[in-house]
Amino acid sequence: MVMDLIILATLLAAGSGVPGVLMSRRSSAGEWIAVAMIVTASLAALAAMGRQLAFAAAPAGLSEPWALPWGRFAIGLNAMGVVFLIPIVCISSLGAIYGLAYWPQAHHRRNGRKLRLCWGLLTAAMMLIVVARDAVLFLMVWEVMGLATFFLITTKDEDAGATDSGWIYLVAAHLSALALMGMFALLRVATGSFALWPVLPTSSSSVLAAGIFILGVVGFGLKAGFMPLHVWLPGAHANAPSHVSAFLSGVGLAMGVFGVVMVSAQWAMPPIWWGVLLLVIGTATSLGSIIFALAQSDYKRLLAYSSVENIGIVLMGIGLAVVGRAVGQPLWIFLGLGGALLHILNHSLFKPLLFMGAGNMLHATGTREIEVLGGLAHRMPRTAGLMALGSAAICGLPPLNGFISEWMIYLGLFNCALVPAGIRLAWLALAAPALAVAGTMALAGFVKLFGATFLGLPRSSQAAEAHEAGVLAIAPMWVLAFGCVVLGLAPALVMGLLERAIARWDAAAFVPQPALAAVEPLQKLSLIFGGLTAALLLGAWLVYRVRPRPGAAPATWGCGYGAPTSRMQFGAGSFVRMLTDAYRAILLPHRRSVKVQGFAPETASASVEFPDTVLDRGLLPGFRMVARLAGRVRPLQSQPVGGYLLYVLVALLVLLAIAAC
Amino acid sequence: MALSLINMVMHLVLLAAAPPLMLGLIQRTKALLAGRKGPPLLQPYYDLYKLLRKGIVLSKTATWIFRAGPMVTLVAVLLGGLLVPFGTSAAPLHFQGDVILLIYVLALARFFTSLAALDTGSSFEGMGAAREVTFACLSEAALMLGLLVLIKFSGSLSLNTMLRAPAMHAFAMLPVASLMLAAVGMFIVLLAENARIPVDDPATHLELTMIHEVMVLDHSGPLLALVNYGAAVKLFVFAALFLHFVPPVPSASPALNWAVFAAEMLGVAVAIGLVESLMARLRLTHVPTLLVAASLLCGFGFILMLR
Chain A
4 MVMDLIILAT LLAAGSGVPG VLMSRRSSAG EWIAVAMIVT ASLAALAAMG
54 RQLAFAAAPA GLSEPWALPW GRFAIGLNAM GVVFLIPIVC ISSLGAIYGL
104 AYWPQAHHRR NGRKLRLCWG LLTAAMMLIV VARDAVLFLM VWEVMGLATF
154 FLITTKDEDA GATDSGWIYL VAAHLSALAL MGMFALLRVA TGSFALWPVL
204 PTSSSSVLAA GIFILGVVGF GLKAGFMPLH VWLPGAHANA PSHVSAFLSG
254 VGLAMGVFGV VMVSAQWAMP PIWWGVLLLV IGTATSLGSI IFALAQSDYK
304 RLLAYSSVEN IGIVLMGIGL AVVGRAVGQP LWIFLGLGGA LLHILNHSLF
354 KPLLFMGAGN MLHATGTREI EVLGGLAHRM PRTAGLMALG SAAICGLPPL
404 NGFISEWMIY LGLFNCALVP AGIRLAWLAL AAPALAVAGT MALAGFVKLF
454 GATFLGLPRS SQAAEAHEAG VLAIAPMWVL AFGCVVLGLA PALVMGLLER
504 AIARWDAAAF VPQPALAAVE PLQKLSLIFG GLTAALLLGA WLVYRVRPRP
554 GAAPATWGCG YGAPTSRMQF GAGSFVRMLT DAYRAILLPH RRSVKVQGFA
604 PETASASVEF PDTVLDRGLL PGFRMVARLA GRVRPLQSQP VGGYLLYVLV
654 ALLVLLAIAA C
Chain B
76 MALSLINMVM HLVLLAAAPP LMLGLIQRTK ALLAGRKGPP LLQPYYDLYK
126 LLRKGIVLSK TATWIFRAGP MVTLVAVLLG GLLVPFGTSA APLHFQGDVI
176 LLIYVLALAR FFTSLAALDT GSSFEGMGAA REVTFACLSE AALMLGLLVL
226 IKFSGSLSLN TMLRAPAMHA FAMLPVASLM LAAVGMFIVL LAENARIPVD
276 DPATHLELTM IHEVMVLDHS GPLLALVNYG AAVKLFVFAA LFLHFVPPVP
326 SASPALNWAV FAAEMLGVAV AIGLVESLMA RLRLTHVPTL LVAASLLCGF
376 GFILMLR
């Protein structure tokens, strides 16, 4: 029954774009049918998950042979799957509804149908990734996910920015698939079958185990965006339609995390260095990417880098859990993995919220440049309020949901400092200040994003003439914002699910029942957050009762200067200038300026760009150099027949020489 | 039971009423050292009362954020004040992991203060906000490393236990070197987070000041009262936090303990006044160096305890 519902949901989602494709480009019936099918699919999947959690004692499963030479059609659902499935179906539905307003068929005749077809395929593929219990099936749907994502990123295939980012993504996706093929082949060597997710014998220090782990981290890390494997991510999320960015960022990245979680669960006693490695990568990812996020002048790129940062935070939690498993500290597992899973859920709420808000901004102003916006809060009050809430949530501010998951990870890291003598891992607690620094920089980045776009005066006519988005675009954002508030005030709602998921990951995590010890402060935290919310509401009531003096509202005081203009405001680039200067060795900014000379200077200009250091300073020049070197070799190939005969002769002589030796 | 109730009432009364007095004492100290008589000790209270009765002027650029800023900041620092134990008595709110909540309510305050500054569209206030969020990146690292010292020492993740741990142990048991390093670092954090000299000069609204007073330039009337009161509460909470790194020997009498706490708090105010009188404000570009030094001091303090 459970698996039947899941299969039904998958089929409905996968086929949701098909009716639209069969219809005329002018008809907008297809988009409504697609949304109806996606929402039905989501409800079916939610029903299946509810049934599984409420009534089933054992994980549900289904395994049928198929005509392929390898593997089976094997799927299954357990609590860990549920944690990842919920965001998939919820964000897919909300994003599809948002798409009705953001990408209507009437305005996007060329590519609207393609977008919805791939949206449905991507939803179905991600659902199958989570439930797949066979490596061949997994790789097939992983590839479908990669291709559907590619076509979604390149929805506007006449736009060079979108296609370039799409190609980079496609290369990354296939490198990821390649690594995963290697990993599954090694798993087959280790276990003798393609069944997922196998529990491997404890001889985990062997080279084989390390190979499986490393290939898994690389393959899934390319999808999740671990630094320095994040190179495809900023461009892809910036250039895709905004609801696609919301889906890819809020849920798509979580598929990579899902893989890392499952791979690291396969050994009862992993070596400590695996966990330390994940923790170090996670710390480097969150610190490194938030520096890039700060510097961006494109608000969608900023959000994309912030996604990388959040994935880094999640990875810190997972790394802590793996260390905890290696040294037998159940509390670390509970706090690390619990925080990581909760952060995945949280990130799937606030990041789509922010990307949808960014979509509203882009729709209203037609630009992704932060520097030319400003004052949007007057023209788009609802988007502004929702974006403010999303920004506060992603910065982990109380009383919203982002705080709870980061709090759990912090607690886990602090617990490292309290280890009993014998485990010399107290230095791992130093990851906590690093996380705090990443958190403050995220706060700086989001103050910059919100302050420079929504507050102050408009810096251009586009910003001055912006308009609020329609109700279909605002309603999904309300749902997400509501989720942020509810999970902040009552995290206990999902704790039961998380505990069951953690028990799936490592049943030993609950032997001394650390869960209760950690949940007790959670209840206190909920009470305090309730009080804080009440105090804020009361304060708001008091503050907004104060009326300003009647008469015309004055302009902001310009320190005695009578005619300030909007261009004199403090710009977004200046806002983070001290930080971007401090990290210029990592950012490697590209500055161009025309020097001002003489008493009556000509028009001068200055600009600064922050390209991705790994991609634009490392990989792309490297690839170009390889292409140039390859070009040097090319004349060897375009020889007349005599030249080729010479090659044959030389080859023969070399072979003879080798044979003679 | 009755004793803890009295302690809690004392905590709430002190948190609500005492903070402006510290500002008054700082001003008086500075005035005396400069050879002036200075304003009365209670002047900050008079100012608050005056501001509360005035009307507000709102720029036409401002949105709802502008009014939310002072209010959210005040609520956040008051919540922080409920988490930090004053002297030897317990904090009203405490649970395992409240140390993170303290750091994040300060972040909540910072988020809304700097957004309210940007809300006016003034370039001067924008600069202040930029400095606020930039320096916070450094001072928060120092704060967390400093707290790690006490976490490691006390084995607890609750401010209530970890902060009071040094006072509860005999002197011979204390990690004196770590505590001293962390105490210096925390004093720098105290000065930086509260925009005092040598990081910022709170004496004027314009020429000398760079961070906090800049951000609140457009607030007026009751909103400015909230800002000033919130700033005083924040200073009070940080001073109470700092005092736990240089603990006195607790006595059996609660009344004596409260008296010692009050004296220590006034001592911190005098110390801040002394620093402000004897030092010049640092150049803006040198502030990060000072804050990095604070982080390093606290970090060394933690590393010394690892062994």
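Protein sequence lines correspond, in order, to chains A and B.
Position one of the first sequence corresponds to residue 4 (the working numbering), numbered consecutively onward.
Position one of the second sequence corresponds to residue 76 (the working numbering), numbered consecutively onward.
Glycine is no exception: its CB is placed at the ideal position from the N, C-alpha and C atoms.
Separation of A204 (chain B) from M148 (chain A), as counted between CA atoms: Taking the first residue of the first sequence as 1, we reach residue 148 (chain A) at position 145. Taking the first residue of the second sequence as 1, we reach residue 204 (chain B) at position 129. Those two C-alpha atoms are separated by around 43 Å.
Burial state of T288 (chain A) (16 or more Cβ within 10 Å): Counting from one through the first sequence, the residue named residue 288 (chain A) turns up at place 285. So T288 (chain A) ends up on the buried side.
4 or more residues per run - each alpha helix (DSSP H) lying fully within the region 577-650 of chain A: 580-585, 587-590, 623-636
A242 (chain B) beta carbon less than 7 Å from that of P114 (chain B): On the second sequence, residue 114 (chain B) is found 39 positions in, with the first residue counted as 1. On the second sequence, residue 242 (chain B) is found 167 positions in, with the first residue counted as 1. Going by C-beta atoms, P114 (chain B) is not nearer than 7 Å to A242 (chain B).
Rounded separation between A77 (chain A) and V139 (chain A) - CA only: By 1-based counting over the first sequence, the position of residue 77 (chain A) is 74. By 1-based counting over the first sequence, the position of residue 139 (chain A) is 136. Cα to Cα, A77 (chain A) sits roughly 10 Å from V139 (chain A).
Beta-carbon proximity check, L127 (chain B) vs A307 (chain B), cutoff 7 Å: Walking along the second sequence from the start, residue 127 (chain B) turns up at place 52. Walking along the second sequence from the start, residue 307 (chain B) turns up at place 232. The answer is no: Cβ separation not under 7 Å.
Among A:I397, A:P557, A:G18, the one whose alpha carbon lies nearest that of V488 (chain A): In the first sequence, counting from the first residue as 1, residue 488 (chain A) sits at position 485. Of the candidates A:I397, A:P557, A:G18, the one whose C-alpha sits nearest the C-alpha of V488 (chain A) is A:I397.
8 Å contact criterion, which F449 (chain A) and S394 (chain A) should meet: CB distance rounded: Along the first sequence, one-based indexing puts residue 449 (chain A) at 446. Along the first sequence, one-based indexing puts residue 394 (chain A) at 391. That pair is a contact at about 4 Å.
Spatially closest choice to L475 (chain A) from A:G169, A:A60, A:L348, A:A104, by CA coordinates: Taking the first residue of the first sequence as 1, we reach residue 475 (chain A) at position 472. The option with the nearest alpha carbon to L475 (chain A) is A:A104.
Pairwise C-alpha distance: H246 (chain A) and G98 (chain A): Here the question's residue 98 (chain A) lines up with position 95 in the first sequence. Here the question's residue 246 (chain A) lines up with position 243 in the first sequence. The alpha-carbon atoms of G98 (chain A) and H246 (chain A) are separated by roughly 6 Å.
S679 (chain A) versus A:P237, A:L118, A:L540, residue with shortest Cα-Cα distance: Since the first residue of chain A shown is 4 and the last is 664, residue 679 (chain A) is not available in this structure.
Cβ contact (3+ pairs, closer than 8 Å) linking the region 602-616 of chain A and the region 228-237 of chain B: no
Residue-chain proximity (K135 (chain B), chain A), Cβ-Cβ < 7 Å: Here the question's residue 135 (chain B) lines up with position 60 in the second sequence. Closer than 7 Å to some Cβ of chain A, the Cβ of K135 (chain B) qualifies, so yes.
Residue-chain proximity (C562 (chain A), chain B), Cβ-Cβ < 7 Å: For this step, residue 562 (chain A) is matched to residue 559 along the first sequence. Yes - at least one Cβ of chain B is within 7 Å of the one on C562 (chain A).
Continuous alpha helix (DSSP H) assignments of at least 4 residues falling wholly in the region 265-315 of chain B: 287-290
Boundaries of the beta strand (DSSP E) in which S66 (chain A) is found, first to last residue: In the first sequence, counting from the first residue as 1, residue 66 (chain A) sits at position 63. Here the beta strand (DSSP E) through S66 (chain A) covers 63-67.
Rounded separation between L183 (chain B) and L582 (chain A) - CA only: Your numbering for residue 183 (chain B) matches position 108 in the second sequence. Your numbering for residue 582 (chain A) matches position 579 in the first sequence. Roughly 20 Å separates the two Cα atoms.
Beta-carbon spacing of T138 (chain B), A380 (chain A) below 7 Å: Counting from one through the second sequence, the residue named residue 138 (chain B) turns up at place 63. Counting from one through the first sequence, the residue named residue 380 (chain A) turns up at place 377. Contact: yes.
First through last residue of the alpha helix (DSSP H) which encompasses A387 (chain A): Position 384 of the first sequence, counted from the first residue, corresponds to residue 387 (chain A). A387 (chain A) -> alpha helix (DSSP H) spans 384-397.
Minimum C-alpha distance to R142 (chain B) - residue among B:A211, B:G296, B:A344: Position 67 of the second sequence, counted from the start, is the residue given in the question as residue 142 (chain B). If we check each option's Cα against that of R142 (chain B), B:G296 comes out closest.
Sub-7 Å separation of A435 (chain A) and Y413 (chain A) beta-carbons: Walking along the first sequence from the start, residue 435 (chain A) turns up at place 432. Walking along the first sequence from the start, residue 413 (chain A) turns up at place 410. Against a cut-off of 7 Å, the Cβ pair of Y413 (chain A) and A435 (chain A) comes out as a contact.
Residues bridged to L80 (chain A) [DSSP beta-bridge criterion]: Residue 80 (chain A) sits at position 77 when you count from the first residue of the first sequence. According to DSSP, L80 (chain A) bridges with A:A63.
Secondary structure of L458 (chain A), DSSP reduced to three states: Reading the first sequence from its first residue, position 455 is the one you call residue 458 (chain A). Residue state, collapsed to three classes: coil.
C-beta atoms of D137 (chain A) and G74 (chain A) nearer than 7 Å: Numbered from 1 along the first sequence, position 134 holds the residue referred to as residue 137 (chain A). Numbered from 1 along the first sequence, position 71 holds the residue referred to as residue 74 (chain A). Yes; because the gap between Cβ atoms is below 7 Å, this pair is in contact.
Residue from A:D160, A:W170, A:V279, A:A296 whose Cα sits closest to the Cα of I589 (chain A): Residue numbering aside, residue 589 (chain A) sits at position 586 when the first sequence is read from its first letter. When each option's Cα is compared against that of I589 (chain A), the closest is A:A296.
Minimum Cβ-Cβ distance from Y302 (chain A) to chain B less than 7 Å: Here the question's residue 302 (chain A) lines up with position 299 in the first sequence. Cβ-Cβ to chain B under 7 Å: no for Y302 (chain A).
Supposed close pair A265 (chain A), G222 (chain A) - CB separation, criterion 8 Å: The residue given as residue 265 (chain A) occupies position 262 in the first sequence. The residue given as residue 222 (chain A) occupies position 219 in the first sequence. Note on identity: in this sequence residue 265 (chain A) is Met, with Ala being the wrong assignment. Not quite, the Cβ-Cβ distance comes to about 12 Å (not below 8 Å), so this is no contact.
Under 7 Å between C-beta atoms of I175 (chain B) and W410 (chain A): As a position in the second sequence, residue 175 (chain B) is number 100, starting the count at 1. As a position in the first sequence, residue 410 (chain A) is number 407, starting the count at 1. Against a cut-off of 7 Å, the Cβ pair of W410 (chain A) and I175 (chain B) comes out as a contact.
CA nearest to the CA of V375 (chain A), picked from A:A361, A:R570, A:Q526: As a first step, residue 375 (chain A) must be located in the first sequence, where it is residue number 372. Nearest option by C-alpha distance: A:R570.
Backbone CA spacing between D1 (chain A) and V92 (chain A) [nearest angstrom]: With chain A represented from 4 up to 664, any question about residue 1 (chain A) goes unanswered, as that position is not in the structure.
Short-range partners of chain B found in the region 350-364 of chain A, where Cβ spacing is below 7 Å: none
Partners in chain A for T195 (chain B), counting only beta-carbon separations shorter than 9 Å: In the second sequence, residue 195 (chain B) corresponds to position 120, counting from 1. Going along chain A in sequence order, the residues near T195 (chain B) (Cβ under 9 Å) are L458, G459, T559, W560.
Exposure label - D275 (chain B); buried when at least 16 CB within 10 Å: Reading the second sequence from its first residue, position 200 is the one you call residue 275 (chain B). D275 (chain B) is buried by the Cβ-count criterion.
Cβ separation of V670 (chain A) and Q269 (chain A), assumed to be a contact under 8 Å, to the nearest whole Å: In the structure as shown, chain A begins at 4 and stops at 664. Residue 670 (chain A) is therefore absent and cannot be evaluated.
A135 (chain A), DSSP secondary structure in three states: Position 132 of the first sequence holds residue 135 (chain A). A135 (chain A): strand per DSSP, three-state reduction.
Run of the alpha helix (DSSP H) containing G130 (chain B), from where it starts to where it stops: Stepping through the second sequence from its first residue, residue 130 (chain B) is reached at position 55. Here G130 (chain B) belongs to no alpha helix (DSSP H), and DSSP marks it neither H nor E.
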